[in-house]
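Down below is the structure, laid out as structure tokens.
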């Protein structure tokens, strides 16, 4: 261990490094390179990391079992609600329909606040504590709001959440119940995001996906770590990931790369596929057009509100990874998204929010287009629970028939077959 | 020329000021005026080697991303609010 100014530094963490110009920074609250403004990433001293599969397997079932690759100096201070090691379902029923013999669903609906956002929020709020932050928060399309609010409550920190005013009711309700101060912005996510960046600077607060962003995204890598561990310490051949800002997608790529780098899995390629909803698909549009840059969408419009980001901060890097790994990106209509929510629920018992409907619908589209071989290992990331978006999902469900409490009424209903 | 209110966030503010005003008729003129005021160090952070605003900086004119205005030569009106913010991820 090293110390600077009384703060214990973890030898595994080298510091922050700029993705573009390579400038190196010490650990601090900063969200972009001071020279070229590109994103900063946590850089590890990989030569100092020695951990075995057996050691990890014996640790508690949370994301902190991969602590050597998470950016905390004192792991004892982690804010942990028990996130991680979510179920990896062998999706045999859905796989049969799609002609895939080894299809898996990574079910992050079962995390403490019912989305994958508990992964980055746990790391971000832990890091905020380490920095001695007086308040935390985030801009959010909804899922991160609940997750940051819950972790802030556990950490005993005041929390400010900036959301578009059209955010799904249940997501607002969930964040509110943890005691967060909710700022509903009359505008899009991108506008809420911009305001939050200004507020974080003005008040010196620690916002998960702004000035804690470099640490925050490290939490999302654990989804990739877990998939490898759950597949018997092997990366999948393909993975389908929802695309909002693109941060999760890039983190998953980093996760596979880092596990290879420290020798926990073999150096086997994984194709990464991205999924967006029509009307909010700037990354898919750029991918299909062969562009290197994203043309933002001013007013994204999709039922998958958690993916409704018109100016995806990591879009440029997603395009690079899609092409480098031999993957692809597809978008799907609202109708396809809602159908896919029912499909994965009826075949695999997984109740997803529309973002998961996007990945399942894109998985189906890709499978039908022949992107996967029948026996390859394909993982589909379902990243949030359907209970978060019931106001959207209930529109496609038929109200149940009401019958009298008699056997004859039931028989009448059964014979009419109007279920 | 008209007076334009400028606010800078993050690392851009560190090499300039958090808020200032400039005289300009177009967005490009406003950005050029900022470069002249704060020097080449600021200019090289704002523009890439081809003279285009850097990929990782978001420029908002009265709350709208300048890319939706059609051109960097977009005409500004008196009292326009110009925000320059390093791009941030999110979700």
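Residue numbers (the working numbering), protein chains in the order written: chain A, 253 to 671; chain B, 48 to 138. Note that CB positions come from ideal geometry on N, CA and C, so glycine has one too.
As assigned by DSSP and simplified to three states, the class of residue i
i: residue 548 of chain A; result: coil
i: residue 430 of chain A; result: coil
i: residue 253 of chain A; result: Because the pLDDT at residue 253 of chain A is just 49, under 50, the model does not fix this residue reliably, and the point stays unresolved.
i: residue 314 of chain A; result: coil
i: residue 524 of chain A; result: strand
i: residue 331 of chain A; result: coil
i: residue 414 of chain A; result: strand
i: residue 479 of chain A; result: helix
i: residue 50 of chain B; result: strand
i: residue 664 of chain A; result: helix
i: residue 57 of chain B; result: coil
i: residue 339 of chain A; result: strand
i: residue 132 of chain B; result: strand
i: residue 385 of chain A; result: coil
i: residue 370 of chain A; result: helix
i: residue 273 of chain A; result: coil
i: residue 286 of chain A; result: coil
i: residue 357 of chain A; result: strand
i: residue 454 of chain A; result: helix
i: residue 583 of chain A; result: strand
i: residue 491 of chain A; result: strand
C-alpha distance - residue i paired with residue j, whole-angstrom precision
i: residue 439 of chain A; j: residue 625 of chain A; result: 43 Å
i: residue 385 of chain A; j: residue 459 of chain A; result: 10 Å
i: residue 133 of chain B; j: residue 57 of chain B; result: 7 Å
i: residue 363 of chain A; j: residue 313 of chain A; result: 12 Å
i: residue 479 of chain A; j: residue 271 of chain A; result: 25 Å
i: residue 284 of chain A; j: residue 412 of chain A; result: 22 Å
i: residue 484 of chain A; j: residue 402 of chain A; result: 32 Å
i: residue 323 of chain A; j: residue 417 of chain A; result: 33 Å
i: residue 320 of chain A; j: residue 329 of chain A; result: 14 Å
i: residue 422 of chain A; j: residue 112 of chain B; result: 30 Å
i: residue 469 of chain A; j: residue 590 of chain A; result: 28 Å
i: residue 265 of chain A; j: residue 568 of chain A; result: 26 Å
i: residue 335 of chain A; j: residue 369 of chain A; result: 9 Å
i: residue 576 of chain A; j: residue 652 of chain A; result: 48 Å
i: residue 343 of chain A; j: residue 354 of chain A; result: 8 Å
i: residue 661 of chain A; j: residue 650 of chain A; result: 19 Å
i: residue 110 of chain B; j: residue 632 of chain A; result: 37 Å
i: residue 598 of chain A; j: residue 501 of chain A; result: 27 Å
i: residue 531 of chain A; j: residue 560 of chain A; result: 9 Å
i: residue 487 of chain A; j: residue 616 of chain A; result: 21 Å
i: residue 476 of chain A; j: residue 456 of chain A; result: 32 Å
i: residue 60 of chain B; j: residue 393 of chain A; result: 27 Å
i: residue 275 of chain A; j: residue 586 of chain A; result: 43 Å
i: residue 76 of chain B; j: residue 127 of chain B; result: 13 Å
i: residue 231 of chain A; j: residue 327 of chain A; result: This structure leaves residue 231 of chain A out entirely; chain A is present only between 253 and 671.
i: residue 280 of chain A; j: residue 89 of chain B; result: 22 Å
i: residue 333 of chain A; j: residue 87 of chain B; result: 48 Å
i: residue 289 of chain A; j: residue 604 of chain A; result: 36 Å
i: residue 452 of chain A; j: residue 48 of chain B; result: 33 Å
i: residue 218 of chain A; j: residue 361 of chain A; result: Since the displayed chain A opens at 253 and closes at 671, residue 218 of chain A lies outside it and no answer follows.
Cβ-based neighbour list, residue i, same chain, cut-off 7 Å, excluding 5 preceding and 5 following
i: residue 548 of chain A; result: 534, 562, 563
i: residue 366 of chain A; result: 636, 637, 639, 640
i: residue 610 of chain A; result: 494, 527, 528, 529, 556, 559, 584, 589
i: residue 424 of chain A; result: 415, 434
One or two residues paired with residue i in a DSSP bridge
i: residue 73 of chain B; result: B:122
i: residue 217 of chain A; result: Past the boundaries of the shown model lies residue 217 of chain A; chain A is included only from 253 to 671, so the question cannot be answered.
i: residue 267 of chain A; result: A:295
i: residue 104 of chain B; result: B:133
i: residue 562 of chain A; result: Paired residue(s): none; residue 562 of chain A is not in a bridge.
i: residue 637 of chain A; result: A:604
i: residue 111 of chain B; result: B:108
i: residue 67 of chain B; result: B:53
Beta-carbon separation (whole angstroms), residue i vs residue j, contact threshold 8 Å
i: residue 374 of chain A; j: residue 315 of chain A; result: 6 Å
i: residue 371 of chain A; j: residue 471 of chain A; result: 4 Å
i: residue 602 of chain A; j: residue 359 of chain A; result: 6 Å
i: residue 119 of chain B; j: residue 81 of chain B; result: Residue 119 of chain B to residue 81 of chain B, Cβ: 13 Å. No contact.
i: residue 462 of chain A; j: residue 135 of chain B; result: 5 Å
i: residue 352 of chain A; j: residue 630 of chain A; result: 6 Å
i: residue 620 of chain A; j: residue 341 of chain A; result: Actually they are not in contact, since the Cβ atoms of residue 620 of chain A and residue 341 of chain A sit about 21 Å apart, beyond 8 Å.
i: residue 491 of chain A; j: residue 504 of chain A; result: 7 Å
Neighbourhood of residue i by C-beta, 6 Å cutoff - its chain only, sequence neighbours within 5 removed
i: residue 391 of chain A; result: 414, 444, 445, 448
i: residue 426 of chain A; result: 398
i: residue 64 of chain B; result: none
i: residue 710 of chain A; result: There is no way to answer for residue 710 of chain A, as the model of chain A reaches only from 253 to 671.
i: residue 507 of chain A; result: 473, 476, 477
i: residue 101 of chain B; result: 95
i: residue 552 of chain A; result: 532, 560, 562
Cβ-heavy atom distance, residue i to the ligand FMN, below 7 Å
i: residue 497 of chain A; result: Ligands in the displayed structure: none, and consequently the ligand FMN is not present.
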